[in-house]
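J.: Under the numbering used here, the first residue of the sequence shown carries the number 2, and numbering increases by one thereafter.
Built from N, CA and C at the ideal position, the CB exists for glycine as well.
Please see the structure below; I have some questions.
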Amino acid sequence: MAFKGNPLDLTDKIVAGRYPMLHVVGDADKVVPVGENTAPFVEKIRAAGGSIQVIKKTGVGHHPHGLEDPQPIVDFVLKAINSAGTK
2 MAFKGNPLDL TDKIVAGRYP MLHVVGDADK VVPVGENTAP FVEKIRAAGG SIQVIKKTGV
62 GHHPHGLEDP QPIVDFVLKA INSAGTK
């Protein structure tokens, strides 16, 4: 808890950087529980005016990573690339 490099402690800087963010999470993850990690991060990012997309995998734990159909991730990356070219 004393480590100040945690993204939860840096949300203002992260939002200021305007980084495209996507979290793919398993809602049954016991290694990196959503309620202790992604959920508070998303709350702080949005409270600071930032944007983050979350894809929840129902009933899935920490593994397998990714999605069976990677298209939503590909779409996110392509949108981020195209948006970066307009800034």
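1. Can you name the residues that DSSP bridges to Gly-51?
2. Kindly list the residues whose CB is nearer than 8 Å to the CB of His-24, restricted to its own chain and excluding five residues on each side of it in sequence; keep chain order.
3. Under 7 Å between the Cβ atoms of Gly-51 and Val-16?
4. Taking all protein chains shown into account, do 16 or more other C-beta atoms lie within 10 angstroms of the C-beta of Ile-46, making it buried, or fewer, making it exposed?
5. Cα-Cα, which of Gly-27, Ala-85, Ser-84 is closest to Gly-62?
6. Counting only the same chain and skipping the five closest in sequence on each side, list residues whose C-beta sits under 7 Å from that of Leu-9.
T.: The structure says:
1. Partner(s): none; Gly-51 has no beta bridge.
2. Only Thr-39, Phe-42, Val-43, Ile-53, Gln-54, Val-55, Ile-56 meet the Cβ criterion.
3. Contact: yes.
4. By the C-beta density criterion, Ile-46 is buried, having at least 16 other C-beta atoms within 10 angstroms.
5. Ranking Gly-27, Ala-85, Ser-84 by CA distance to the CA of Gly-62 puts Gly-27 first.
6. Excluding sequence neighbours, Leu-9 sits near Pro-41, Phe-42, Lys-45.
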